Every structure is written in C-alpha cells, then in structure tokens.
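**Student:** The following block contains the structure, expressed as structure tokens.
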Amino acid sequence: MSKVSIVYWSGTGNTAMMAGSIADGVAAAGGEAELITVDEASVDALKDASVIALGCPSMGAEQLEETQMEPFMCELDGVIAGKQIALFGSYGWGNQEWMRDWEDRIVADGATVVNGEGIAVNGTPGPDAEDELKALGQTLASL
77 MSKVSIVYWS GTGNTAMMAG SIADGVAAAG GEAELITVDE ASVDALKDAS VIALGCPSMG
137 AEQLEETQME PFMCELDGVI AGKQIALFGS YGWGNQEWMR DWEDRIVADG ATVVNGEGIA
197 VNGTPGPDAE DELKALGQTL ASL
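Note that my numbering gives residue 219 to position 143 of the sequence shown, counting from 1, and the numbers run on in steps of one.
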C-alpha cells in the first residue's frame, strides 16, 4: 500500500471535503493518507512521494487559485515527472476548463493523471461524488 500525500486549497470547504473523502478511501483500502493544505505543503517533501493528490477549486476565469496553489504548482515543475497524480476540485460555474488545463499541465510535466482525468464536482460534494472520491482514494492506495 502506498502513502498518499493529498495537497489542497479550499476557499469554501468543498475541496477540503473532497480531500477528506479521498483520505477515507485510502484508509479503507489499508493505505496511509496525509492531508496537507497547500500553505503547509513542501515541494521537497513531495519529491519522495510516488502518489500525490492535488485539489483546488476553479477560481475567477476558470483557473487555479492564484496566491497559493498556482505558485505551488510552479514549484512542482520538474519535480513530478514519473509520478502518479490525482486531481480534484469543485466549481460553481463554467465547463470545467480549469480541470482540463490542469490535466494537460500535469501530463506536460511528465506525470500521469490517475484515471486519465481529474474529478470536478459542482458545488458541495453529494453522496455520489463522495463515493467517487472514496473510490479514487482506494485506487491511490493500491498504486
């Protein structure tokens, strides 16, 4: 079982709830999950991680949060090549362009997006989204 580092930024609590559901799935599969808010995250600590989940809601014009998450992503450039990365976040409008852009960015950095795409939830995660996120956590624990 893998140790999964779950790094996220949450403004309203929705993405934090998503991170918690992923951690629940990791634990249910017998793995260890570490929940880390992006302001407490260390790029150096993630260098040794084989499985990482990154979470951020859509902000502004469908982009990552720009004061903490975007700078953190810039620091990850060149560090995540060869790693398995899961992406997740919530949104309240738009067509999930921020998630597709984020997926493309991860692949361009040489990492693999787990399940081929991130999980985007409109608003507060309901039971179906929670189940999907827990299943993602179980997948991450098995990598």
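For every residue, glycine included, the Cβ atom is placed at its ideal position computed from N, Cα and C. Quantities reported herein were computed from a predicted structural model and do not represent experimental measurements.
Looking only at C-alpha atoms, which of 110, 131 and 120 sits nearest to residue 86?
**Tutor:** By one-based count along the sequence shown, residue 86 stands at place 10. Nearest of 110, 131 and 120 to residue 86, Cα basis: 131.
**Student:** Starting from residue 156, follow the beta strand (DSSP E) in both directions and report where the run begins and ends.
**Tutor:** On the sequence shown, position 80 is the one that residue 156 refers to. Note, residue 156: premise wrong, no beta strand (DSSP E); not H, not E.
**Student:** Taking the alpha helix (DSSP H) that residue 96 belongs to, which residues open and close that run?
**Tutor:** By 1-based counting over the sequence shown, the position of residue 96 is 20. Start and end: 90-104.
**Student:** Helix, strand or coil for residue 166 per DSSP?
**Tutor:** Taking the sequence shown and counting its residues from 1, one reaches residue 166 at position 90. Residue state, collapsed to three classes: strand.
**Student:** Pick out the complete alpha helix (DSSP H) segments inside the segment 169-202, 4 residues or longer, and give them in chain order.
**Tutor:** Within the segment 169-202, the complete alpha helix (DSSP H) runs of at least 4 residues are 173-184.
**Student:** Going by DSSP in three states, residue 122 sits in which element: helix, strand or coil?
**Tutor:** In the sequence shown, the residue the question calls residue 122 occupies position 46. Three-state result, residue 122: helix.
**Student:** Got a sec: does the ligand PLP put a non-hydrogen atom nearer than 8 Å to the Cβ of residue 174?
**Tutor:** Absent from the structure shown: the ligand PLP. Ligands present: none.
**Student:** Pick helix, strand or coil for residue 144, following the three-state DSSP scheme.
**Tutor:** Translated into positions along the sequence shown, residue 144 becomes position 68. In the structure shown, residue 144 sits in coil (DSSP, three-state: anything other than H, G, I, E or B).
**Student:** Looking at residue 96 and residue 211, is the spacing between their C-beta atoms short of 9 Å?
**Tutor:** Along the sequence shown, one-based indexing puts residue 211 at 135. Along the sequence shown, one-based indexing puts residue 96 at 20. No, they are not a contact pair.
**Student:** Name the DSSP beta bridge partners of residue 135, please?
**Tutor:** Within the sequence shown, the letter at position 59 stands for residue 135. Answer is 139, bridged to residue 135.
**Student:** Let me check understanding here. Comparing Cα to Cα, which of 153, 202, 169 and 160 lies closest to residue 194?
**Tutor:** Position 118 of the sequence shown holds residue 194. Looking at the Cα atoms, 160 is the closest of the given residues.
**Student:** Along the chain, where does the beta strand (DSSP E) that runs through residue 111 open and close?
**Tutor:** By 1-based counting over the sequence shown, the position of residue 111 is 35. First-last of the beta strand (DSSP E) with residue 111: 108-113.
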